[in-house]
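Numbering (the numbering used here), first residue to last: 7 to 386.
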């Protein structure tokens, strides 16, 4: 204690040297805390400064778009508007009491939204293959500091498959597949006859049927894939004939497509065929394929609509090729009016048959004019 007192006295007397606390073996006293320049105030009542809207992506009416088939996806757009005067980071949350949460591509997300601005985010809803047919709904909420929102609500309907056939094989040996699907309600006939001997990493042949399908979901869908097929012994090959037909006589698109092949090697194949007999894409069909192969391959496509259209194309390959093909067939519904509105009404009125004038007053002339008018009325 005495030594400390002497050292302290020396410090006071010797001010010219400017000795620091560290040189003297002393620690400085505690400093006063520094307050921030701005302290955020508490929220006494969050305001409704966020607005959430849920809508279906794509064109068309919401009533027709809100359908999906078991195992398929539907895209929604989640739009959040910031009605406040400052930029906020909105935390989005999805909830539902009718469908599993794993159907949604995300459950929680964040969006930075400027003052007075709107930001959107895509949400995919995927019904599993065992989903029950019926109506489903979900809600989306947004929250931020001192802000809350209304709940945006989305609705959709799940359609059950009327027929599903899925085949996937992998291995070495011999294999034979024969499928025959025919539906008068969907206007489709599909046949497949496939044989192979050799080795394949994956061969997939799937078919799905939904009579009376709605929205953009096809009535009939075929999905084919091959990965790394190789002939091992002399005489091995991948041989097949596949055909799709939708006759215009029975209300279809009037299309017929046939594939024939005899291959020694196929590195890959990715192929699909979709037929829309009903729904928003009704009376249309699409064929797409991408292949890499060695051997013989043929595509024969035709469309015949009596009194309207007749088309045909045929392709044959022999050798080693990589191809990509897309063919679209349509048969527009002629029962619908060509256009609507005042202008179209005037055009339709101008096209209507008018009574023949009466050029003379004699009895025979009047009788002839009346006969012409009666004939024109019967021809309407």
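Note that beta-carbon positions come from the ideal geometry of N, C-alpha and C, so glycine has one too.
Could you check the C-alpha separation between residue 131 and residue 165 for me, to the nearest Å? Near 14 Å, if we compare the C-alpha coordinates of residue 165 and residue 131.
Indicate the three-state DSSP secondary structure (helix, strand or coil) for residue 87 in the structure shown. Strand.
Could you name the residues of the same chain whose beta carbon sits closer than 8 Å to that of residue 78, not counting the 5 residues immediately before and after it, in chain order? Once the five neighbours on either side are set aside, the close Cβ partners of residue 78 are 132, 133 and 223.
When the distance is taken between beta carbons, is residue 219 closer than 9 Å to residue 252? No, Cβ-Cβ distance for residue 252 and residue 219 is not below 9 Å.
Leaving out the 5 sequence neighbours to the left and right, which residues in its chain are closer than 6 Å to residue 248 when beta-carbon positions are compared? Contacts found: 198 and 265.
Taking the continuous alpha helix (DSSP H) assigned at residue 70, which residues delimit it? Counting along the chain, residue 70 sits inside the alpha helix (DSSP H) bounded by residues 68-71.
Quick one: Cα of residue 190 to Cα of residue 256, how far? If I take the Cα positions, the gap works out to 8 Å.
For the region 93-103 and the region 179-190, state whether three or more C-beta atom pairs, one from each stretch, are separated by less than 8 Å. In short, these stretches do not touch, since the Cβ pair count stays below three.
Any idea if residue 290 is buried or exposed, counting beta-carbon neighbours within 10 angstroms, 16 or more meaning buried? It counts as buried.
So, for residue 196: in the same chain, excluding its five sequence neighbours on each side, which residues have a beta-carbon less than 6 Å away from its beta-carbon? The residues are 187 and 250.
Using CA atoms only, rank isn't needed, just tell me which of 336, 313 and 59 is closest to residue 283. Ranking 336, 313 and 59 by Cα distance to residue 283 puts 336 first.
Minimum C-alpha distance to residue 125 - residue among 246, 148, 338 and 279: It is 148.
With DSSP collapsed to three states, give me the class of residue 334. Three-state result, residue 334: strand.
Contact under 9 Å by Cβ, residue 299 with residue 332: No.
Starting from the Cα of residue 313, find the closest Cα among 170, 254, 228 and 280 and give me that residue. The option with the nearest alpha carbon to residue 313 is 254.
Taking its Cβ as the centre, do 16 or more other Cβ atoms sit within 10 Å of residue 303, making it buried, or is it exposed? Residue environment: residue 303 is assigned as buried (16 or more neighbouring CB atoms within 10 Å of its CB, all protein chains considered).
For the beta strand (DSSP E) holding residue 95, just list the boundary residues, first then last. From DSSP, the beta strand (DSSP E) with residue 95 extends over 94-101.
When DSSP labels each residue in this structure, what does residue 287 get in the three-state scheme? Secondary structure of residue 287 (DSSP, three-state): coil.
When the Cα atoms are used, what is the spatial distance from residue 270 to residue 239? Distance between the alpha carbons of residue 270 and residue 239 is about 10 Å.
Output the distance between the C-alpha atoms of residue 436 and residue 114, rounded to the nearest integer angstrom. Residue 436 is absent from the structure shown; the chain starts at 7 and stops at 386.
Can you tell me the Cα-Cα spacing of residue 274 and residue 175, whole angstroms? Separation of residue 274 and residue 175 (C-alpha to C-alpha, rounded to the nearest whole angstrom) is 14 Å.
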